[in-house]
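Novice: For reference, the structure I am asking about is given below.
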Amino acid sequence: MAFEKGDRVTFHDKHSEYDGETGEVTQVSETMFGDNTYIVDFEEGQEAGIAEESLDVAEDAADADDE
Numbered sequence: 001m002a003f004e005k006g007d008r009v010t011f012h013d014k015h016s017e018y019d020g021e022t023g024e025v026t027q028v029s030e031t032m033f034g035d036n037t038y039i040v041d042f043e044e045g046q047e048a049g050i051a052e053e054s055l056d057v058a059e060d061a062a063d064a065d066d067e
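The UniProt record's numbering puts the first residue of the sequence shown at 1, with every later residue one more than the last.
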């Protein structure tokens, strides 16, 4: 699933201080291999170069879509 700027996502990377946190996609970049990487803003900071497989739709965003 591709994400767009403004999407609420949950980040999964056990090596990151932001593992399990929810944030907002602020930038989408395409690599030379055609894959997307993301910059995500969290309450306490920002993480760059995030691969798509490390992100899930945030539960609060999924709940809003159901309404």
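Just so you know, even glycine gets a beta-carbon here, dropped at the ideal spot from N, CA and C.
Using the three-state DSSP reduction, which class does Glu21 fall into: helix, strand or coil?
Specialist: Looking at Glu21 - three-state DSSP - the assignment turns out to be coil, as it is neither helix nor strand.
Novice: Considering Thr31, what are the terminal residues of the beta strand (DSSP E) in which it resides?
Specialist: Here Thr31 belongs to no beta strand (DSSP E), and DSSP marks it neither H nor E.
Novice: When DSSP builds the beta bridges, which residues end up paired with Phe42?
Specialist: DSSP, once it has assigned bridges, lists Gly45 as partnering Phe42.
Novice: Report the CB separation of Gln27 from Tyr38 in whole angstroms; it is logged as a contact under 8 Å.
Specialist: Right, their Cβ atoms sit about 7 Å apart.
Novice: By DSSP's criteria, Phe11 is part of a beta bridge. Which residues make up the other side?
Specialist: BP columns for Phe11 point to Leu55.
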